[in-house]
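A short worksheet on the structure shown next.
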Amino acid sequence: MPLPMPQSPETESRTNAPGEAPAWNLDPRRSPDKDVARKSFLRMVSHELRTPLNSIIGFSEILRQELYGPLGSPQYVEYANIIRDSGTKLLNLFNGFIEIVRLESGGDLKAVPEPVLPYLEEAAGKLKAIAQDRGVRLDIKLRDEDLCAMFDPRGLASCLDQLLHNAIDFTADGVVELDARRNGDLVDISVFNRGDAPEQGDIERLTLPFEQGDTGVSRTREGAGLGWAIVKLNCQVMGGQFRVISRPGEGLKAVVRLKAA
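Using the numbering used here, read the sequence shown as starting at 1 and increasing by one per residue.
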């Protein structure tokens with residue numbers, strides 16, 4: 001379900017018409033003072049939570065590697081692993097939540113003309129080790145160095161990171177394909193993997209925050225269901241769209257559609 005957002009008295013009584021998509025953005029009539037206060041609060045919460053979580057993760061890593069000598073029992077190393085993994089999950093969840101709130105507030109992304117290929121290569125490079133550990137190969141199909149689109153580098157990097165992680169988790173044949181192609185005045189950047197996939201009718205629901213699929217495969221995946229919501233909001237802020245083409249039992253293609261440059 002979408003995150004609850006504060007509403008002004010004028011909008012509090014309004015409800016969405018049947019079939020109408022839930023509103024993503026905050027009330028555009030909010031005052032600048034409230035905007036400043038909101039951003040200040042988010043910065044404070046971000047610092048106060050990230051700092052101790054990073055300390056927990058860092059010190060548990062020191063214990064796990066026994067950098068200052070043996071801990072005396074293998075169980076202590078196991079416990080250090082649990083502390084590190086739990087801290088990392090909490091930090092990732094918090095980062096995703098903050099990203100959702102930031103993007104729903106309008107974000108600070110600025111779409112500029114950029115070549116697409118270098119960002120595909122960079123995204124694949126960052127996840128190469130994780131993919132190899134899962135027995136997955138990241139295959140970049142695009143070879144056109146001149147293909148350009150309008151996007152914010154941070155926004156596109158966030159989209160590709162979320163989509164590649166998802167594809168790596170669900171691929172059945174060990175290959176995840178990245179591609180991009182011109183489509184009239186648009187550029188479609190796609191991530192494709194073969195394997196189990198949700199019903200096409202569930203896609204709209206799954207692009208909302210904290211929504212997860214109902215299949216057995218989906219239930220085994222860790223995470224809070226923020227990935228597609230983050231991608232969708234990034235695309236909207238950059239003036240683009242997010243589409244998913246799903247064929248249960250065959251595969252799934254996630255498409256970031258941007259304006260061509």
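Where a beta carbon is used, it is the ideal one built from N, C-alpha and C, also for glycine. All values reported here derive from a predicted model rather than from experimental measurement.
For F41, which of I56, S55 and I98 has the nearest alpha-carbon? Nearest option by C-alpha distance: I98.
Less than 8 Å between the C-beta atoms of N193 and A167, yes or no? If you check the CB distance, N193 and A167 come in under 8 Å.
Note down the Cα distance separating R43 from G225, rounded to an integer number of angstroms. Going from the Cα of R43 to the Cα of G225 covers about 23 Å.
Exposed or buried, what is R247 when buried is set at 16 or more other beta-carbons lying within 10 Å of its beta-carbon? Label assigned to R247: exposed.
Decide yes or no for the touch test of the stretch 141 to 151 against the stretch 115 to 126: beta carbon pairs closer than 8 Å, at least 3 of them. Short answer: they touch.
Go ahead and label L258 buried or exposed: buried means 16 or more other beta carbons lie within 10 angstroms of its beta carbon, across all protein chains shown. By the 16-neighbour rule on beta-carbons within 10 angstroms, L258 is buried.
Would you list the residues sitting across from E177 in a DSSP beta bridge? D139 and F192.
Find out if the Cβ-Cβ distance for the pair L178, L138 is shorter than 8 Å. The criterion of a C-beta distance shorter than 8 Å is satisfied by L178 and L138.
Beta-carbon gap between V255 and R243 smaller than 8 Å: Going by C-beta atoms, V255 is nearer than 8 Å to R243.
In its own chain, which residues sit with a C-beta less than 7 Å from the C-beta of A111, not counting the 5 before and 5 after it? Here A111 has M150, F151, D152, M238 and G239 as same chain residues with Cβ atoms under 7 Å from its own Cβ, once five neighbours each way along the sequence are excluded.
Please list, in chain order, all residues of the same chain as I245 whose beta carbon is under 6 Å from its beta carbon, the five residues on each side excluded. K253.
Since D196 contacts A172 with CB under 8 Å, what's their CB separation in whole angstroms? With a contact defined as Cβ atoms closer than 8 Å, D196 and A172 qualify at about 7 Å.
For a test of the three-state rule: what should DSSP assign to R257, helix, strand or coil? It is a strand residue.
Report yes if the C-beta distance between G125 and H165 is below 8 Å; otherwise report no. The beta carbons of G125 and H165 sit no closer together than 8 Å.
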